[in-house]
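Chains as they are written, first to last, in the numbering used here: chain A, 1 to 384; chain B, 385 to 768.
2 protein chains.
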Amino acid sequence: MKPFFQVQTVAQVHARLRAVSPLPNEQVDLLEAGGRTLAQDLIAPHDLPGFARACMDGYAVQAVDTFGVSESLPGYLTLVGEVAMGQAPAFGLGPGQCARIGTGGMLPQGADAVVMVEHTRALDQETVEVSRAAAPGNHLLGPRDDAQAGQVLLAAGQVLRPQDLGLLAALGQARVAVASRPRVGIISTGDEVLPVEACPGPGQVRDVNTYTLAQAVREAGGQPMVLGLVGDDEAALKATVADSLATNQVTLLSGGSSMGGRDLTAQVFLSQPGAELLVHGVAVAPGKPFIWVKAGQGHLLGLPGQVASCLVAFHLFAEPLLERLLGRAGEPFGRFGRQSARLSRNLPSAPGREEYVRVRLCAQNGTRLAEPLFGKATAWCACP
Amino acid sequence: MKPFFQVQTVAQVHARLRAVSPLPNEQVDLLEAGGRTLAQDLIAPHDLPGFARACMDGYAVQAVDTFGVSESLPGYLTLVGEVAMGQAPAFGLGPGQCARIGTGGMLPQGADAVVMVEHTRALDQETVEVSRAAAPGNHLLGPRDDAQAGQVLLAAGQVLRPQDLGLLAALGQARVAVASRPRVGIISTGDEVLPVEACPGPGQVRDVNTYTLAQAVREAGGQPMVLGLVGDDEAALKATVADSLATNQVTLLSGGSSMGGRDLTAQVFLSQPGAELLVHGVAVAPGKPFIWVKAGQGHLLGLPGQVASCLVAFHLFAEPLLERLLGRAGEPFGRFGRQSARLSRNLPSAPGREEYVRVRLCAQNGTRLAEPLFGKATAWCACP
């Protein structure tokens, strides 16, 4: 029982988290891949677009033929054809020639620029007046301008955004290898906690953590599996944790609010087959009672029962674990972005522990200020 | 045909968007409400937590009994009981008395503070030594500290986050009224565009917009309904748009890449029963060819075929429309947040139109810089 009360630093816990390996991948249809985590680097199998393409409606030209032309001194080119969309032009351009082309059309051989239709006038069936000079490369996209064969375009671990799906589509990846979503069992405990449908009497409150954690798990890329509310009862908790361990890669148990509750959580976790205690107590506020036990392939996490502390501990420890299982970096609060700001007032801080303080960002005379929210620890309204 | 070529400003289009009314609501289970849009203000039906609650493990006291005590000069209180979790204590506190209490426990009558267990020592069954003074209110949460009956806690239009679900749970809202998700038909067109599984020949590209738009719709709170790829063929387009209009509140048609394609899109939209042209062309780059036709209760939007322009036009016009249908504010790019930054170099800009330029944010000597990405218009890699 020795490691029981060896409180660790946040950095020590994160060093352990970085050692967690990703779950196996799975293949999904491209239309279902949004928000999922790319499992392998995306390497361009071929150049993109693969041919020179017009970026504007107008005329494909040899740029040199337009040098020096202007509104007052236009030039005249011979129209030799029109580029059909989706086809390689059957003709090439010689000096003094041009061809009608639409946005996205393939440039004919010999053309090296596009003149926008706004700067031209068709004089007859064969003659086009050009009133603006073009430089080589104007209004076109080169054969490798989107991507070059062999280039790494997206790195494994990328959460796929709309534009990433577009890139995968452009390269013909109708199915994509993505990280499997970790299944996360969610258990709430506490003798004073009632289901959401119940009407609390004096001293009682409704179960909040099941709902905050389920959605936080979803937003972190996991699949929440709600196991419900269990009283501070050792046998019932052991059975529910065992159930969760049988099917879920991660189990979150929040609560244990009675004074012996935290020890109860550790006892329940350590009674599971193959249980190994990794963390019991962290020098951090809130989140100090965090417990992490590995049992076989499953991770059992004990989170504070107090609702705001529970969510902070989730983002600080549980979300990085989910990210590691998904093959991502596992930075705490990584999904939120970072900003630096000046504290609007001094904050006392206890030596020897990290503190996470909720703040409201505001601006004053061009300086970004972080205004600490001094709600009580349980004030969920202090989580904006 | 008069309004056909009356190019509107972005502000004019947004004024029209603000006139769009929300779709009817629906009730969902609280566990399914994450990411949905709250349809009605959440008003606290009762005080929260409704009773004074300990925020720490320790002893409930009358603060006045601890005034002046310290490590070197501790005070002594008589232990009169222990508060059971989830129950109203059957006893009250008189002067000089204290009661054991766990985090979340209900304070007995007469108690007005909690002393943390770390600052106490149980001397015998009846006597507790206190070595730190408490002020009234220390380490407790008052009956209305979380919420006061009648207070508006969440406003209609709020996209529900984990902590919002927690708040709804605390107030017993097992089911929630949320905005219905708009169904959005997605059609890609263009003779040069092939399905993602195909191998493009010269002059051909794969369908990208179906995938970017489907995920962008999902992230904006809509339900994408993929109708697939249609050639630049008037009859086929009319039929597919009619299909979409029959079941979807919004239809997105991207492309029409041939030089006559944009007129074709307008023609196809205006051929639908009850069609009314709201916008045809906007003084903006990219996104100029944007078309908006209302046909009955359905909105038909024409977006540029070029993949980066298509996504910008989506965020600029289609996403605000979806937000309005969801009962939200409908700010363009509202979901992304705003930051001000200094341009890293001068950008020329055409008079009379708004320009949306993709930039990369970086910092230099403490100044936030926006570095314009001068990719070609089609470079999707320029959408980070």
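Beta carbons are placed, not taken as given, at the ideal position from N, Cα and C, and that holds for glycine.
query, result
"At least three beta-carbon pairs within less than 8 Å, the stretch 670-682 of chain B to the stretch 619-638 of chain B", "yes"
"Asn248 of chain A classed as buried or exposed, judged by whether at least 16 other C-beta atoms fall within 10 angstroms", "buried"
"Beta-carbon spacing of Tyr356 of chain A, Gly255 of chain A below 9 Å", "no"
"Residues of the stretch 589-600 of chain B with Cβ closer than 9 Å to any Cβ of chain A, in chain order", "Val589, Arg590, Asp591, Val592, Asn593, Thr594, Tyr595, Thr596, Leu597, Ala598, Gln599, Ala600"
"Same chain, Cβ closer than 7 Å to Ala540 of chain B, five either side skipped, listed in chain order", "Leu422, Ala423, Gln424, Asp425, Gly711"
"Contact with chain A by Gln748 of chain B, beta-carbon distance below 9 Å", "no"
"Against chain A: residues of the stretch 467-488 of chain B by CB proximity under 9 Å", "Val467, Ala468, Met469, Gly470, Gln471, Ala472, Pro473, Arg484, Ile485, Gly486, Thr487, Gly488"
"Chain A contact for Val743 of chain B (CB, 9 Å cutoff)", "no"
"Buried or exposed (CB count within 10 angstroms, at least 16 for buried), Tyr76 of chain A", "exposed"
"Cβ shell of Ala774 of chain B (< 6 Å), same chain only, five flanking positions each side left out", "Within the shown structure, residues of chain B are numbered from 385 to 768, placing residue 774 of chain B beyond reach of any answer."
"Environment of Gln125 of chain A [buried if 16+ CB atoms lie within 10 Å]", "exposed"
"Sequence-distant residues of its chain with Cβ nearer than 6 Å to Thr9 of chain A (five each side left out)", "Ala283"
"Cβ neighbours of Gly330 of chain A in the same chain (closer than 8 Å, five flanking residues each side left out)", "His14, Leu17, Arg18, Val20, Pro320, Leu321, Glu323, Arg324"
"Spatially closest choice to Leu278 of chain A from A:Ser271, A:Leu301, A:Leu264, by CA coordinates", "A:Leu301"
"Residues in the stretch 185-200 of chain A having any Cβ partner in chain B nearer than 9 Å", "Gly190, Asp191, Glu192, Val193, Leu194, Pro195, Val196, Glu197, Ala198, Cys199, Pro200"
"Backbone secondary structure at Cys199 of chain A - three-state DSSP", "coil"
"Distance, Ala531 of chain B Cα to Gln364 of chain A Cα", "29 Å"
"Cβ of Trp380 of chain A within 9 Å of any chain B Cβ", "Confidence at Trp380 of chain A is low in this model, with a pLDDT of 34, below 50, so its placement is unreliable and no value can be given for it."
"Where Gln769 of chain B falls: helix, strand or coil (DSSP)", "Nothing about residue 769 of chain B can be reported from this structure: the residues present for chain B run from 385 to 768 only."
"Helix, strand or coil at His46 of chain A [DSSP, three-state]", "coil"
"Under the three-state DSSP convention, the category Leu245 of chain A falls into", "helix"
"Start-end ranges of the beta strand (DSSP E) lying completely within the stretch 682-725 of chain B, minimum 3 residues", "682-687"
"Within chain B, the residues that Phe51 of chain A reaches when beta carbons sit closer than 8 Å", "Pro586, Gly587"
"CB of Pro49 of chain A within 9 Å of CB of Gly81 of chain A, strictly", "no"
"Run of the alpha helix (DSSP H) containing Gln215 of chain A, from where it starts to where it stops", "209-219"
"CB contact below 9 Å: Leu727 of chain B versus chain A", "no"
"Proximity of Gly615 of chain B and Gly574 of chain B at Cβ, strictly below 9 Å", "yes"
"Pro136 of chain A (DSSP reduced to helix, strand or coil)", "coil"
"Terminal residues of the beta strand (DSSP E) in which Gly166 of chain A lies", "Gly166 of chain A -> not in any beta strand (DSSP E); alpha helix (DSSP H) instead, spanning 162-170."
"The stretch 544-555 of chain B touching the stretch 578-588 of chain B, judged by at least three CB pairs closer than 8 Å", "no"
"Contact residues within the stretch 153-187 of chain A, judged by C-beta distance below 9 Å to chain B", "Leu153, Leu160, Arg161, Pro162, Gln163, Asp164, Leu165, Gly166, Leu167, Leu168, Ala169, Ala170, Leu171, Gly172, Gln173, Ala174"
"Exposed unless 16 or more other CB atoms sit within 10 angstroms - verdict on Gly690 of chain B", "It is Gln, not Gly, that sits at residue 690 of chain B in the sequence shown. Buried is the call here."
"Chain A contact for Met609 of chain B (CB, 9 Å cutoff)", "no"
"Per-residue DSSP class, three states only, for Lys678 of chain B", "strand"
"Residue-level contact to chain A via CB, Asp425 of chain B, 9 Å cutoff", "no"
"Contacts of Arg338 of chain B in chain A (Cβ-Cβ under 9 Å)", "With chain B covering only 385 through 768, there is no way to say anything about residue 338 of chain B."
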